[in-house]
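Before any comments, here is the structure.
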Amino acid sequence: MDKIQIIGGRKLEGKVTISGAKNAALPLIASAILVDGTCEFHNVPHLMDIESIKRLLEDLGATCSLDEHVMTVDGSGIHKIEAEYDLVRKMRASILVLGPLVARFGHAKVSMPGGCAIGARPVNMHLSGLEALGADIHIDHGYIEARADKLTGSEIYFDNPTVTGTENLMMAAVLATGQTVLRNAAREPEIICLADALNEMGARISGAGSPIITIDGVDKLLPATVTVIPDRIETGTFMVAAAATQGDVCILGGNPEHIGGVSSKLKAAGARIDTQPGEIRVRGGETVQSVDIQTLPYPGFPTDMQAQFMALMSTARGSSMIHESIFENRFIHANELMRMGADISLPKVNLAVVRGVPELQAAPVMASDLRASASLVIAGLMAKGTTVISRVYHMDRGYEAMEDKFSALGANIRRIK
Ligand code: EPU
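Under our numbering, the sequence shown has 1382 at position 16, and the numbering climbs by one with no breaks.
The following block contains the structure:
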């Protein structure tokens, strides 16, 4: 298994270009199931998760190709409605094929995603939403089976905003008879990206980006060409890394509007952030001030940036309270940061108190999930000495060429095969 070795202590300087967003690309690729023809997706990042969804669609009978950053998906050959355990277990987001399969074929069988390192992550709201659209749902031997001759538009209220749940139901409702209204929907930029793509294919969706999304069903969707938005979490990760190393980094291609929650906390921590079209420049202050954060649904501070921010806070002046309100077990990286000398206590399961220490020490550490791996990379860049991070397959799921990008910014980082 590959490892990442970092010799820390260098300031990051230079320019880095942001890749397409994993969490926007995954639902877009799943949406191609709705189309009897070939869709083309631009700015698709090269990641393990993209490979996983590509394999899943190919297993269903779609013809896919990924060349440079352009992915084509021809859904005309789809003949199978079953997403098998071996493919789904590699990536929870595979649940995104459920809505489109029922919508187009009236029947879907998708292996139930299990828990994951960061929380139980149930899919009950995906399923109750599909039931509201008229699908019969059964769970049998670890598989979710959904059937509906024709889905029917309905009012769906989410108990709390779910990102992939909103996406799944948007995709299910586009081919339903009549109107569907999703209330308390997720508002993430990835939702808008998917709605725009579906509208490009002929769907009639309005309100994406707000808590109320209205979908008027249409008879069929047509092939379209769409572009994946830049990855706001990759953008935020480089912003935090720049601040953490007192660096000076120009981030090209990221959308500053998508990362406002992180920018405002970085400014409060002492970083200087200047934005102009297509560019976000982050200059770290000489010292980092501690700030408190609470993760919230968009446009709040993203849970996917919490681990990276905790690494930054570990050498801040003062104490920082980090409240994780989305997932119940998303502090596993705290123990690894403590191995590097961070002073972190967890008075509650969803609350971390980080008391800044003068510096982190390099150590062998282990990544537990995708964003934890980014947190440990940032910690390794801050620490003096050689840090070796194992289980970097987590990082490869969601960060494109991460070590090459950090290396180009002057970091001493390399992959050990
Ligand atoms: N939830 C339920 N029932 C449901 C669905 C969700 O209780 O049916 C709960 C979850 O357990 C969680 C909360 O609702 O407590 C929000 O979860 P959400 O459904 O929004 O998460 P998700 O759609 O499974 C996406 C991203 C995650 C990101 C979260 C939150 C994708 C493919 N994944 O997950 O990304 O953390 O939204 O923003 O879009 C990552 O990229 O590292 C990652 C984990």
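Every residue gets a Cβ at the ideal spot worked out from N, C-alpha and C, and that includes glycine.
Tell me the DSSP secondary structure of residue i in three-state form.
{"i": "Val-1723", "result": "coil"}
{"i": "His-1492", "result": "helix"}
{"i": "Arg-1553", "result": "coil"}
{"i": "Glu-1769", "result": "helix"}
{"i": "Asn-1778", "result": "strand"}
{"i": "Ile-1419", "result": "helix"}
{"i": "Ile-1522", "result": "strand"}
{"i": "Met-1679", "result": "helix"}
{"i": "Arg-1487", "result": "coil"}
{"i": "Leu-1618", "result": "strand"}
{"i": "Ile-1730", "result": "Sequence check: residue 1730 is Pro here, not Ile. Residue state, collapsed to three classes: strand."}
{"i": "Lys-1388", "result": "helix"}
{"i": "Gly-1380", "result": "strand"}
{"i": "Asp-1640", "result": "strand"}
{"i": "Asp-1582", "result": "strand"}
{"i": "Val-1468", "result": "helix"}
{"i": "Ala-1542", "result": "coil"}
{"i": "Leu-1413", "result": "coil"}
{"i": "Leu-1548", "result": "strand"}
If you follow the beta strand (DSSP E) that residue i is part of, which residue opens it and which one closes it?
{"i": "Ile-1710", "result": "1709-1714"}
{"i": "Asp-1433", "result": "1429-1433"}
{"i": "Asp-1502", "result": "1502-1506"}
{"i": "Ile-1755", "result": "1751-1756"}
{"i": "Ser-1686", "result": "1685-1689"}
{"i": "Lys-1475", "result": "1473-1477"}
{"i": "Gly-1374", "result": "1369-1374"}
{"i": "Ser-1572", "result": "1570-1572"}
{"i": "Ile-1405", "result": "At residue 1405 the sequence reads Cys, which differs from the Ile that was named. Its beta strand (DSSP E) spans residues 1404-1408."}
{"i": "Val-1592", "result": "1591-1593"}
{"i": "Asp-1670", "result": "Careful: Asp-1670 lies outside any beta strand (DSSP E) and carries neither H nor E."}
{"i": "Met-1437", "result": "1436-1440"}
{"i": "Val-1648", "result": "1645-1649"}
Between which two residues does the alpha helix (DSSP H) containing residue i stretch?
{"i": "Ala-1609", "result": "1598-1610"}
{"i": "Ala-1785", "result": "Residue coverage of the chain in this structure runs from 1367 to 1783, which leaves residue 1785 outside it and unanswerable."}
{"i": "Glu-1533", "result": "1529-1539"}
{"i": "Val-1743", "result": "1736-1748"}
{"i": "Lys-1631", "result": "1626-1634"}
{"i": "Arg-1763", "result": "1759-1764"}
{"i": "Tyr-1451", "result": "1451-1454"}
I believe residue i touches residue j by the beta-carbon criterion, under 8 Å. Please report the beta-carbon distance rounded to the nearest angstrom.
{"i": "Val-1476", "j": "Ile-1510", "result": "5 Å"}
{"i": "Glu-1725", "j": "Thr-1681", "result": "6 Å"}
{"i": "Ile-1484", "j": "Arg-1696", "result": "5 Å"}
{"i": "Gly-1443", "j": "Gly-1465", "result": "Their Cβ separation, rounded to whole angstroms, is 20 Å, which puts Gly-1443 and Gly-1465 out of contact at 8 Å."}
{"i": "Ala-1733", "j": "Met-1761", "result": "6 Å"}
{"i": "Glu-1379", "j": "Gly-1776", "result": "5 Å"}
{"i": "Arg-1421", "j": "Leu-1453", "result": "6 Å"}
{"i": "Val-1401", "j": "Leu-1587", "result": "5 Å"}
{"i": "Ala-1635", "j": "Val-1657", "result": "5 Å"}
{"i": "Ser-1520", "j": "Leu-1493", "result": "The pair is not a contact, with the Cβ atoms about 14 Å apart (cut-off 8 Å)."}
Should the region 1604-1619 be regarded as contacting the region 1640-1647, the criterion being three or more beta carbon pairs within less than 8 Å? yes
Does the count of Cβ pairs from the region 1581-1596 and the region 1529-1541 closer than 8 Å reach three? yes
Do the region 1528-1536 and the region 1452-1464 meet, that is, are 3 or more Cβ pairs less than 8 Å apart? yes
Say whether the region 1386-1399 touches the region 1554-1561, bearing in mind that this needs 3 or more beta-carbon pairs closer than 8 Å, one atom from each stretch. yes
Is it the case that the region 1402-1419 contacts the region 1587-1600, given that we only count it when at least three CB pairs across the two stretches are under 8 Å? yes
Do the region 1618-1628 and the region 1665-1680 touch if we need at least three Cβ pairs shorter than 8 Å? yes
Would the region 1606-1616 count as touching the region 1741-1759 if we require 3 or more Cβ pairs under 8 Å? yes
Sufficient close CB pairs (3 or more, under 8 Å) joining the region 1713-1722 to the region 1489-1508: no
Cβ contact check for the region 1658-1666 and the region 1689-1709: 3 or more pairs under 8 Å: yes
Inspect the CB distances between the region 1752-1760 and the region 1370-1379 and report whether three or more fall short of 8 Å. yes
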